[in-house]
Amino acid sequence: MRRRRGIELGYWSFIKKIANLHFLDPACGCGNFLIITYRELRDLEILILLELNKSGQLEIDVLPLIQVDVDQFVGIECDEFAVRIAEVAMWLIDHQMNIKVSNEFGQYYARLPLKKAAKIVHGNSLRIDWETIISKENLSFILGNPPFIGSKMMNEIQRNDLLAVFNDAKGAGVMDYVSAWYIKAADFIQNTNIRVAFVSTNSISQGEQVGILWNILFNKYKIKIHFAHRTFKWTNEARKNAAVYCVIIGFATFDISEKRIFEYKDIKGEPLEIQAKNINPYLVNGTDTTIQRRQKPLSDIPSIGIGNKPIDGGNYLFTTSEKEEFIKIEPKSAKWFKKWLGADEFINSHERWCLWLGDCPPNELKQMPNALKRVEAVKRIRLESKSISTQKLASTPTRFHVQNMPLTD
Ligand SMILES: C[S@@+](CC[C@H](N)C(=O)[O-])C[C@H]1O[C@@H](n2cnc3c(N)ncnc32)[C@H](O)[C@@H]1O
460 MRRRRGIELG YWSFIKKIAN LHFLDPACGC GNFLIITYRE LRDLEILILL ELNKSGQLEI
520 DVLPLIQVDV DQFVGIECDE FAVRIAEVAM WLIDHQMNIK VSNEFGQYYA RLPLKKAAKI
580 VHGNSLRIDW ETIISKENLS FILGNPPFIG SKMMNEIQRN DLLAVFNDAK GAGVMDYVSA
640 WYIKAADFIQ NTNIRVAFVS TNSISQGEQV GILWNILFNK YKIKIHFAHR TFKWTNEARK
700 NAAVYCVIIG FATFDISEKR IFEYKDIKGE PLEIQAKNIN PYLVNGTDTT IQRRQKPLSD
760 IPSIGIGNKP IDGGNYLFTT SEKEEFIKIE PKSAKWFKKW LGADEFINSH ERWCLWLGDC
820 PPNELKQMPN ALKRVEAVKR IRLESKSIST QKLASTPTRF HVQNMPLTD
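Under this note's numbering, the sequence shown has 479 at position 20, and the numbering climbs by one with no breaks.
Spelled out as C-alpha cells, the structure:
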C-alpha cells in the first residue's frame, strides 16, 4: 500500500516536472519540432493520468489536472509567414490533444477561450539576444534544425550574421550557416543546465569545419557532447527538396557519464545505439581532439588543390545528353570535351561535361560556330558582371577564372 502511494507521488511530481520544462527552437520554421515535443509531453501526461485513474486517485474532473501547456514553448523564425503558422499549429496540436483527453477520460475537455500561446518571435535569431525572449532560468532545452547553408551558398546578410556570431574567428569564413546556432547556443547556456540538440548537415562533423567550430566550443565554452546520431539520410516530401546527410548532436556545458552514439549502418534505416565514454566532434568514441587545417601534405604525395572555377554562366557545362546533342551539330567539338567532376557529381553520381576551349587554337575555334557562340556568351556574361575582376576575365573568354588542369591522373 505504502509502495503504491510512493509510486503515485512519483507520478504527480513527474507531471509537475514536465509541466515546468521550457523549450526553445531558435529557427523554428512552421514549428514542427515544437509541435512534436508538445504532443509527446501531452501524451506522457495522459499516460500518467490514466495510471493514476486506475488506482482511483483521480477526481472526477480531469481538467485541473492537465498542466502541460503551449506556453512552455518558444520559437524564433525569420519568415513571418512561418511564424504565424507555427503559432496556430501549436493551438491545433493542443486542440487535438484535448480531444484525446476527452476520449480517454470520457469528459469533454477544451481550453477555451485560448488564454495561453506559444511564444513565436519573428526575427533574425543570430542577431537577437535570446534572453530578451526567454530567461535562462526558465529554459530546459534548446532544439531544432537551423538552416544548413554552405559557406559558398550564403548571401551577404547570412555571411555577416555568421561572422558576427563567430566574432570573426580565424577560418569562420568556411563554416556552414548552421554552425552559428551552435556558437550562439553554447554562449547562451553558459552556467546553466540547459541541454541543446540540433539536427545539422554532417559537414560540421567532418573535414576543416571541425577544427574551427569545435575548438571554440571546447575551449571557450567547455561543451561536452552527450549524444550523437551519426550521418543519416534525411528526406522530406517538399518538392525539389534534395536529400540531406544529417547528424544530430546533443550537448551541454556539463558532463554526463552515459553518453550515446547512434550509428546508421544503413543511412536510410534505423540506428544502432552504442555506449561511449566520450564523444568527440567526429562523433566517435574518443578524446576531444580536432584535426587542424594544413596546406602541405604530411608525406611525399601531391598536394590537394582547388579545382576549376569557370565563371561561364553555365555555357561550358553540359549533361551527357546535352553534350551528345552539341557534338551532333558541332562534330569538331568532340575532342574539346572533358569530364566535369565536382562534389555534387561525385556524391550524387551525376555525369557532367565541360567544353574546355582554353587550349583550342583560334583557327580551330573559328571552324566551330556553335562553340564560338558559347565563347561569346561567356564574354558577355563576364562583361555584365559587377565584379571588376570578372569583367577583366572577359578578355580571355575561353579560359576559366580558376584553372587546374592536371596532365596526369
Ligand atoms: C531547416 S528549417 C527548420 C524547419 C522547422 N524545423 C520547421 O518545422 O518548419 C530552418 C528555418 O530557419 C529559418 N531561418 C533561416 N535563417 C534564420 C535566421 N537568421 N533567424 C531565424 N530563422 C532563420 C528559415 O526560415 C527556416 O524556416
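From the three backbone atoms N, C-alpha and C, an ideal C-beta is built for every residue, glycine too. It should be emphasised that the depicted structure is a prediction, and the values quoted were computed from it without experimental measurement.
Practice prompt. Give, in chain order, every unbroken run of the beta strand (DSSP E) that is at least 3 residues long and sits entirely within the region 805-847.
Written response: 811-814
Item to complete: To the nearest angstrom, report how far apart residue 660 and residue 758 are at their CA atoms.
Response: 31 Å
Discussion item. Measuring only the C-alpha atoms, how far is residue 792 from residue 853?
Written reply: 22 Å
Worksheet item: Using a threshold of 8 Å, is the CB atom of residue 585 nearer than that to any non-hydrogen atom of ligand 1?
Response: yes
Worksheet item: Does DSSP classify residue 798 as helix, strand or coil?
Response: strand
Item to complete: Note down, in chain order, each residue of its chain lying with its Cβ closer than 7 Å to the Cβ of residue 505, except the 5 sequence neighbours on either side.
Response: 559, 560 and 563
Worksheet entry | 6 Å CB neighbourhood of residue 654 in its chain, flanking five on each side removed | Within the same chain, Cβ atoms closer than 6 Å to the Cβ of residue 654 are found at 600 and 711, the five residues on either side in sequence being excluded.
Worksheet item: To which residues of the same chain is residue 613 closer than 8 Å at the C-beta, ignoring the five residues directly before and after it?
Response: 621 and 636
Practice prompt. Below 7 Å CB to CB, which residues in the same chain sit around residue 570 once its five sequence neighbours on both sides are set aside?
Written response: 553 and 557
Item to complete: Please check the pair residue 657 and residue 640, which I expect to be a contact at CB under 8 Å, by giving their CB distance rounded to whole angstroms.
Response: Right, their Cβ atoms sit about 6 Å apart.
Fill in: Nearest to residue 479 (by Cα), restricted to the options 511, 529 and 486
529
Fill in: Meets three-Cβ-pair contact criterion under 8 Å: the region 736-746 and the region 644-653
no
Discussion item. Shorter than 8 Å, the distance from the beta carbon of residue 705 to the closest heavy atom of ligand 1, or not?
Written reply: no
Worksheet item: By DSSP, does residue 622 sit in helix, in strand, or in coil?
Response: helix
Worksheet item: Where does residue 602 fall in DSSP's three states?
Response: strand
Worksheet item: In the DSSP assignment, what residue or residues form a beta bridge with residue 655?
Response: 601 and 710
Discussion item. Given 8 Å as the limit, tell me if residue 604 has its C-beta closer than that to any heavy atom belonging to ligand 3.
Written reply: By its list of ligands, the structure shown excludes ligand 3, since it contains just ligand 1.
Discussion item. Would the region 581-590 count as touching the region 529-543 if we require 3 or more Cβ pairs under 8 Å?
Written reply: yes
Practice prompt. Would you decide whether residue 623 is buried or exposed? Buried here means 16 or more other CB atoms lie within 10 Å of its CB.
Written response: exposed
Item to complete: Along the alpha helix (DSSP H) that carries residue 555, what are the first and last residues, could you check?
Response: 539-564
Discussion item. Tell me which residue opens and which closes the alpha helix (DSSP H) that residue 668 is part of.
Written reply: 666-674
Item to complete: Tell me whether residue 795 is buried or exposed, calling it buried when 16 or more other Cβ atoms sit within 10 Å of its Cβ.
Response: buried
Discussion item. Does residue 633 come out as helix, strand or coil in the three-state DSSP assignment?
Written reply: helix
Worksheet item: Closer than 8 Å: is that where the CB of residue 840 sits relative to any heavy atom of ligand 1?
Response: no
Fill in: Residues that DSSP places opposite residue 660 in a beta bridge
The partner list for residue 660 (beta bridge, DSSP) reads 705.
Worksheet item: Which residue or residues does DSSP assign as beta-bridge partners of residue 734?
Response: 719
Item to complete: Leaving out five residues on either side along the sequence, give the residues of the same chain with a beta carbon under 8 Å from the beta carbon of residue 576.
Response: 529, 530, 546, 549 and 550
Discussion item. My output table needs one value for residue 778: the three-state DSSP class, helix, strand or coil.
Written reply: strand
Discussion item. The alpha helix (DSSP H) that contains residue 640, what's its start and end?
Written reply: Element bounds for residue 640: 638-647.
Worksheet entry | Sequence-distant residues of the same chain with beta carbon closer than 6 Å to residue 595, five excluded per side | 651
Worksheet item: Short check: CB of residue 484 to CB of residue 492, under 9 Å?
Response: yes
Worksheet item: When DSSP labels each residue in this structure, what does residue 484 get in the three-state scheme?
Response: In the three-state reduction of the DSSP assignment, residue 484 falls in the strand class, which pools E and B.
Worksheet item: For the region 719-735 against the region 679-689, are there 3 or more C-beta pairs whose distance is under 8 Å?
Response: yes
Worksheet item: With distances taken between CB atoms, is the gap from residue 834 to residue 767 smaller than 9 Å?
Response: no
Worksheet item: Based on the DSSP output, what are the partners of residue 693 in its beta bridges?
Response: 703
Discussion item. Quick check: is any heavy atom of ligand 1 less than 8 Å from the C-beta of residue 767?
Written reply: no
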